[in-house]
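Comments concern the structure below.
Protein chains: 2
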Amino acid sequence: MKALWFNWVRIAAVAAIAVSSTAPGLAQEPLPSWNDTGPKKAIVAFVERVTRQGSADFVPLAERIATFDNDGTLWAEQPLYVQLVFALDRVKALAPLHPEWKDKEPFASLLKGDLKGALAGGESAIFQIVTVTHSGMTTGEFETIVGDWIATARHPKTGKLYTEMVYQPMLELLAYLRANGFKTFIVSGGGIDFMRVFAERVYGVPPEQVIGSSGKLSFELRDGKPRLMKLPELDFNGDKVGKPVAIQMHIGRHPIAAFGNSDGDLQMLEWARQGAGVRFALIVHHTDAAREWAYDRNSSIGRLDHALDAAEAEGWTVVDMKNDWKTIFP
Amino acid sequence: MKALWFNWVRIAAVAAIAVSSTAPGLAQEPLPSWNDTGPKKAIVAFVERVTRQGSADFVPLAERIATFDNDGTLWAEQPLYVQLVFALDRVKALAPLHPEWKDKEPFASLLKGDLKGALAGGESAIFQIVTVTHSGMTTGEFETIVGDWIATARHPKTGKLYTEMVYQPMLELLAYLRANGFKTFIVSGGGIDFMRVFAERVYGVPPEQVIGSSGKLSFELRDGKPRLMKLPELDFNGDKVGKPVAIQMHIGRHPIAAFGNSDGDLQMLEWARQGAGVRFALIVHHTDAAREWAYDRNSSIGRLDHALDAAEAEGWTVVDMKNDWKTIFP
Chain A
1 MKALWFNWVR IAAVAAIAVS STAPGLAQEP LPSWNDTGPK KAIVAFVERV TRQGSADFVP
61 LAERIATFDN DGTLWAEQPL YVQLVFALDR VKALAPLHPE WKDKEPFASL LKGDLKGALA
121 GGESAIFQIV TVTHSGMTTG EFETIVGDWI ATARHPKTGK LYTEMVYQPM LELLAYLRAN
181 GFKTFIVSGG GIDFMRVFAE RVYGVPPEQV IGSSGKLSFE LRDGKPRLMK LPELDFNGDK
241 VGKPVAIQMH IGRHPIAAFG NSDGDLQMLE WARQGAGVRF ALIVHHTDAA REWAYDRNSS
301 IGRLDHALDA AEAEGWTVVD MKNDWKTIFP
Chain B
331 MKALWFNWVR IAAVAAIAVS STAPGLAQEP LPSWNDTGPK KAIVAFVERV TRQGSADFVP
391 LAERIATFDN DGTLWAEQPL YVQLVFALDR VKALAPLHPE WKDKEPFASL LKGDLKGALA
451 GGESAIFQIV TVTHSGMTTG EFETIVGDWI ATARHPKTGK LYTEMVYQPM LELLAYLRAN
511 GFKTFIVSGG GIDFMRVFAE RVYGVPPEQV IGSSGKLSFE LRDGKPRLMK LPELDFNGDK
571 VGKPVAIQMH IGRHPIAAFG NSDGDLQMLE WARQGAGVRF ALIVHHTDAA REWAYDRNSS
631 IGRLDHALDA AEAEGWTVVD MKNDWKTIFP
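Here it is as structure tokens:
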């Protein structure tokens, strides 16, 4: 009984892939938006090694876990993290209900349009902004607020929807890994319930495979009906050392492949490299000021410094966006 | 791009099931260990309603989430929760390293074989026992300890391995739901990393679909290699109101079916019943003193009192183990 049903659905899935991938419509080159340079070759070589039956490096389906950072790895994070833009927009929307904000930082500066002044308070200012915009409602109400915002908010530079500022090569990579039996997870320092609103539609990653930072929740009954209230208290910080912890709590085994773009991903990449067998670690290096942005060691958003050193020392794959990607956005 | 890959693997999986289920070997009656009584009929009717294409109650694959309690729902919990037996065995194994335990409760009583005396300290005693046996090692070391124990420890009454004291009808139910495109999750008050050691082999539920209580983890480097240490501090209590919270944190959407056996599952069952559309809630009622145990409102282990009232009031399905199950154990 046990052996029979163990992983049955996923085995059936890959069997179906094996059959259908011989159909003409699907027999296309993987990763079409990637140039035929080192990173693409490294990805394809890794996937072929771990999926070839009988190979010494073969990895069973259940262990094909791949984890992706979100901001700067799957979508653009400049000039500000998208979730922070959301929070700033929400402060403006909520201001009429909070006349006291006129005299209280960081809200006062923010409402005058002085973003720099508002953020001068550093992490404490950001925490206050996130708290007032991410708590005090049910989980369902928050999903509706985020859903309405992300459907219409546009990037200040490109005028695109934020969900159009995802990286086409990374969408192809997610799909390529899934077509080879991988389970793809997002492991972000961003808010878990913020990302879940769009991750399935945009990335094909269902809510249960989205991991991130979170606030505390409280179970309550209203008129006999249960609901979960979002409390103004941090529950878990999913950045940096939080990433391996989050991976353990939500997934419970090591990824065999991990993808990031900043120092916030360093511990996740190191964690993925643990254990016997072939492992894959990749960093997206933002080098394309013309088509996207160019930044690394000195950026306050998405700083890539120690992780770039580690990539060199440990031989991780580094994507040079300018030269390795044919297309950036879909 | 998005639409193409969205849920592609799971759609392929179910396509494969649709094809292969016409093969002779698999064309068997579902739930063979269930008598043809009310609960089996209710389960099959529910699954047919939500999976029939074009039906008003059809539920897309991605939303077919089913959550199961573990202790008393998937395996036996009498005369003591299995994880507590593990902890007691570990206290004995660790005693030579802790001479001070001879004079310190609850350890002193426990080492004299006086379980009642040891547990007289109530929750505080249990917390101490769990803490000393579940922290101070890496996550990998803990997995090895549990794996070694569960491979050999035997139930005091039946002499079976604990992993042989799972309920055959529930194994069939898990498999039946998965064959119909459901993702099956364990949502337990028990320890997440304890259950994950055997859940995949025994239940076909991979680690990333096991949810439970947890202790805090700390990311550390030893000799330049990262590891996660288990700290002596509760991170999350996954029982009672913790179950809907855990479901939101780990799954991010409502289950459409939930299965439990005690008051610890009440909030999960209520949570699963939220939202529009058909929902299914089932309680395993332990009524078979001959083949298993008979207990409910007055049991200190797995008390079923308020949830039994709720089942009656809300029309949940209640399994009468004695009359509804042909077989209990595999």
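Protein chains in written order, with the working numbering: chain A, 1 to 330; chain B, 331 to 660.
Positions of the beta carbon are idealized from the N, C-alpha and C atoms, including for glycine.
Given the structure is predicted, the values throughout are model-derived calculations rather than measurements.
Closer than 9 Å to chain A by CB, residue i
i               : result
Q597 of chain B : yes
T469 of chain B : yes
K652 of chain B : no
A353 of chain B : Its pLDDT being 42, under 50, A353 of chain B is placed unreliably by the model, and the measurement read from it follows with that caveat. With 9 Å as the cut-off, A353 of chain B does not count as an interface residue toward chain A.
V389 of chain B : no
L503 of chain B : no
L475 of chain B : Position check: residue 475 of chain B holds Ile in this sequence, whereas Leu was assumed. Chain A contact via Cβ: absent.
W623 of chain B : no
A284 of chain B : No statement about residue 284 of chain B is possible, as the shown extent of chain B runs from 331 to 660 and does not include it.
G582 of chain B : yes
V571 of chain B : yes
I522 of chain B : yes
F659 of chain B : no
E563 of chain B : no
R394 of chain B : no
K490 of chain B : no
Spatially closest choice to residue i from the options, by CA coordinates
i               : options                           : result
S213 of chain A : A:V202, A:R201, A:L221 and A:V245 : A:V245
Y167 of chain A : A:V318, A:T317, A:W316 and A:S33  : A:S33
W646 of chain B : B:T657, B:N653 and B:R609         : B:R609
L174 of chain A : A:T163, A:Y203 and A:R154         : A:Y203
I65 of chain A  : A:K157, A:D71 and A:V187          : A:V187
G215 of chain A : B:A620, B:T488 and B:Q578         : B:Q578
L427 of chain B : B:D553, B:V462, B:D565 and B:E530 : B:V462
P360 of chain B : B:T482, B:P499 and B:D593         : B:P499
F198 of chain A : A:A118, A:D324, A:I145 and A:D288 : A:I145
R526 of chain B : A:G224, A:I251 and A:E233         : A:I251
G568 of chain B : B:W405, B:L596, B:R557 and B:G451 : B:L596
R484 of chain B : B:E538, B:A406 and B:A438         : B:A406
A307 of chain A : A:G140, A:R273 and A:N261         : A:N261
E473 of chain B : B:V374, B:G452, B:I522 and B:N628 : B:I522
Q28 of chain A  : A:K225, A:G38, A:P39 and A:E172   : A:E172
G470 of chain B : B:K560, B:G368 and B:F589         : B:K560
L414 of chain B : B:V374, B:F457, B:R627 and B:K513 : B:F457
L551 of chain B : A:M268, A:R227 and A:Q209         : A:M268
N-terminal and C-terminal residue of the alpha helix (DSSP H) that residue i is part of
i               : result
I192 of chain A : I192 to Y203
F329 of chain A : It is not in any alpha helix (DSSP H) - F329 of chain A carries neither H nor E in the DSSP assignment.
A276 of chain A : Careful: A276 of chain A lies outside any alpha helix (DSSP H) and carries neither H nor E.
L110 of chain A : F107 to L111
CB contact below 9 Å: residue i versus chain B
i               : result
S218 of chain A : yes
G315 of chain A : no
P244 of chain A : yes
V210 of chain A : yes
A76 of chain A  : no
F68 of chain A  : no
F185 of chain A : yes
M170 of chain A : no
M165 of chain A : no
S299 of chain A : no
K102 of chain A : no
P207 of chain A : yes
K40 of chain A  : no
K225 of chain A : yes
For residue j and residue i, believed in contact at Cβ under 8 Å, the rounded distance
i               : j               : result
D57 of chain A  : V50 of chain A  : 6 Å
F515 of chain B : F398 of chain B : 7 Å
V649 of chain B : V614 of chain B : 5 Å
I301 of chain A : Y81 of chain A  : 7 Å
G189 of chain A : G264 of chain A : 5 Å
A602 of chain B : I586 of chain B : 7 Å
H286 of chain A : G72 of chain A  : 7 Å
Residue span of the beta strand (DSSP E) that contains residue i, given as start and end
i               : result
F610 of chain B : F610 to T617
Task: Every unbroken alpha helix (DSSP H) within the region 118–180 of chain A, with a cutoff of 4 residues, ordered by chain - done: 122–134, 139–150 and 168–179
TODO: For the region 218–260 of chain A, list the beta strand (DSSP E) runs that are entirely contained and at least 3 residues long, ordered along the chain.
DONE: 225–236 and 257–260
Task: Ordered list of beta strand (DSSP E) runs contained in the region 47–105 of chain A, each at least 3 residues - done: 65–68
Open item on the list: By the 8 Å beta-carbon criterion, what residues does the region 603–618 of chain B contribute toward chain D?
Closed with: In the displayed structure, chain D is absent; the protein chains listed are A and B.
- [ ] Any chance you could list the beta strand (DSSP E) runs of at least 3 consecutive residues sitting entirely within the region 626–655 of chain B, in chain order?
- [x] 647–650
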